[in-house]
Amino acid sequence: MTERDYEDLLDFESSDRFGERQKAALLYTSMLVWNPEGADEAVWARLREHFTEEQIIELGSFVCLTYGQQRVIKTWGVGHGELLADTTAGLAPSKVES
Amino acid sequence: MAHLPGNAGEIRGRVPAVLASYEFIRDNVLRDGVVDPALKELCFRYLAEDAETMDFGHFKGRDRLALEWSHAIAWDSDAADDALWDRLHAEFSEQELVDLGCAIGFELGQQHWRRTVGLTARDEPAQASLS
């Protein structure tokens, strides 16, 4: 990813690179990681516009599983996508596709 | 206010793969593994900001080190500096560090997920068996 990609991700609400479904998923991710109690009815209404409840449960589980392990490997001094980088076990897109 | 009906286990159960993956992690890492489950439980209570665990001055040895690492994982990864790692390696095997670190990470993620869906970070003890 380029610097611009990261900037757009962090400012996803005003970015024209993401659709409304992607923005709802990114808002959910933001709440899961940084502000769980901030996920109010407005956030959930927006999620329900684009996802079934089962999809919301699955996406939330995936995000939190990834978030927790990212926090651990950060203290190991390992970056995202570097762990098991020579296998297909990681989540880096280039590894998933290979 | 809960945004989805049911307790944590019932919510996960609506997506079988989510429930199965959680149960595998719970049974093999959160409640089992090479590190004493009581030490993991202490770390999980700290992540949930249990008042009895927040003052590191009350703890010694492996307990205190595990809490310091929990703090670094959850809130301040820069705190996991060389000095902390030297102390961790002096008290824990590498196998234990992998087990404990992964357990802390899994639990941290689960607590965030629970809070986002409107549940408490952890179940009350009487409810714990249900989740």
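Chains A and B supply the protein sequences, listed in that same order. The numbering of the first sequence is the numbering used here, which starts it at 60 and goes up by one. The numbering of the second sequence is the numbering used here, which starts it at 38 and goes up by one. Every residue gets a Cβ at the ideal spot worked out from N, C-alpha and C, and that includes glycine. Because the structure is a prediction, the values reported are computed rather than measured.
For glutamine 147(B), return the contacting residues in chain A, with the cut-off set at a CB-CB distance below 7 Å.
-> Residue numbering aside, residue 147(B) sits at position 110 when the second sequence is read from its first letter. Taking the beta carbon of glutamine 147(B) as reference, the chain A residues within 7 Å of it are Cys123, listed in sequence order.
For this session: Evaluate the contact criterion for the stretch 111-126 of chain A versus the stretch 143-150 of chain B: three or more CB pairs, one atom per stretch, below 8 Å.
Result: yes
Should the stretch 103-118 of chain B be regarded as contacting the stretch 69-86 of chain B, the criterion being three or more beta carbon pairs within less than 8 Å?
-> These segments touch.
Under the three-state reduction of DSSP, which class applies to valine 154(B): helix, strand or coil?
As a position in the second sequence, residue 154(B) is number 117, starting the count at 1. DSSP places valine 154(B) in coil when its eight states are reduced to three.
Original post:
If we call anything under 7 Å between Cβ atoms a contact, is leucine 91(A) one with phenylalanine 71(A)?
Top reply: For the purposes of this step, residue 91(A) is taken as residue 32 along the first sequence, with counting starting at 1. For the purposes of this step, residue 71(A) is taken as residue 12 along the first sequence, with counting starting at 1. Not in contact: leucine 91(A) and phenylalanine 71(A) (Cβ atoms no closer than 7 Å).
request  = Mind checking which residues open and close the alpha helix (DSSP H) that includes glycine 127(A)?
outcome  = Counted from its first residue, the first sequence places residue 127(A) at position 68. Taken as a continuous stretch (DSSP letters only), the alpha helix (DSSP H) holding glycine 127(A) covers 112-135.
- prompt: Would you say glutamine 164(B) reaches chain A, if we count a Cβ-Cβ gap shorter than 7 Å as a contact?
  reply: Counting from 1 along the second sequence, the entry for residue 164(B) is found at position 127. Confidence at glutamine 164(B) is low in this model, with a pLDDT of 49, below 50, so its placement is unreliable and the value that follows should be read with caution. No, because no Cβ of chain A sits closer than 7 Å to the Cβ of glutamine 164(B).
Continuous alpha helix (DSSP H) stretch holding valine 92(A): start and end: Within the first sequence, the letter at position 33 stands for residue 92(A). Here the alpha helix (DSSP H) through valine 92(A) covers 79-93.
* For leucine 41(B) versus valine 154(B), is the C-beta spacing smaller than 7 Å? -> Here residue 41(B) refers to the residue found at position 4 when the second sequence is read from its first residue. Here residue 154(B) refers to the residue found at position 117 when the second sequence is read from its first residue. For leucine 41(B) and valine 154(B), yes; Cβs fall inside 7 Å.
- Message: Can you pull the chain A neighbours of phenylalanine 143(B), defined as C-beta to C-beta under 8 Å?
- Response: Taking the first residue of the second sequence as position 1, residue 143(B) is located at position 106. Chain A residues near phenylalanine 143(B): Leu124, Gly127, Gln128.
Would you mind telling me which residues of chain B sit closer than 7 Å to valine 131(A), beta carbon to beta carbon, in chain order? Taking the first sequence and counting its residues from 1, the one referred to as residue 131(A) is at position 72. Ordered by position in chain B, the residues that pass the 7 Å Cβ test against valine 131(A) are Ile110, Gly138, Cys139, Ile141, Gly142.
- Since isoleucine 116(A) contacts valine 55(B) with CB under 8 Å, what's their CB separation in whole angstroms? The count along the first sequence starts at 1 and reaches residue 116(A) at position 57. The count along the second sequence starts at 1 and reaches residue 55(B) at position 18. Isoleucine 116(A) to valine 55(B), Cβ: 6 Å. Contact.
Checklist line | Terminal residues of the alpha helix (DSSP H) in which proline 42(B) lies | finding: For this step, residue 42(B) is matched to residue 5 along the second sequence. Looking at the DSSP string, proline 42(B) is not in any alpha helix (DSSP H), and its letter there is neither H nor E.
Strictly under 7 Å for the Cβ-Cβ distance: is tryptophan 103(A) near chain B by that measure? Locating residue 103(A) in the first sequence gives position 44, counting from the first residue. Judged by the 7 Å Cβ criterion, tryptophan 103(A) is in contact with chain B.
Using a C-beta cutoff of 7 Å, does glutamate 117(A) count as contacting chain B? Stepping through the first sequence from its first residue, residue 117(A) is reached at position 58. Yes, glutamate 117(A) counts as interfacial toward chain B.
Next on the checklist: Is there a Cβ of chain A sitting closer than 7 Å to that of arginine 152(B), yes or no?
Outcome noted: Walking along the second sequence from the start, residue 152(B) turns up at place 115. Cβ-Cβ to chain A under 7 Å: yes for arginine 152(B).
Tell me whether the stretch 128-143 of chain B and the stretch 105-113 of chain A touch, counting them as touching only if at least three CB pairs, one residue from each stretch, are closer than 8 Å. Pairwise C-beta distances place the stretch 128-143 of chain B out of contact with the stretch 105-113 of chain A, as fewer than three of them are shorter than 8 Å.
Open item on the list: Using beta carbons (cut-off 7 Å, strictly below), is serine 168(B) in contact with chain A?
Closed with: Numbered from 1 along the second sequence, position 131 holds the residue referred to as residue 168(B). Since pLDDT at serine 168(B) reaches only 44, below the 50 mark, its modelled position is unreliable, and the value read off the structure follows with that caveat. No, serine 168(B) does not count as interfacial toward chain A.
Exercise. What is the C-beta distance between alanine 109(B) and alanine 117(B), in whole angstroms, given that I count them as a contact (C-beta under 8 Å)?
Worked result: Taking the first residue of the second sequence as 1, we reach residue 109(B) at position 72. Taking the first residue of the second sequence as 1, we reach residue 117(B) at position 80. The beta carbons of alanine 109(B) and alanine 117(B) sit about 4 Å from each other, so the pair counts as a contact at 8 Å.
Next item on the list: Measure the alpha-carbon distance for serine 89(A) versus proline 95(A) and round it to whole angstroms.
Entry: Taking the first residue of the first sequence as 1, we reach residue 89(A) at position 30. Taking the first residue of the first sequence as 1, we reach residue 95(A) at position 36. In a straight line, the C-alpha of serine 89(A) is about 8 Å away from that of proline 95(A).
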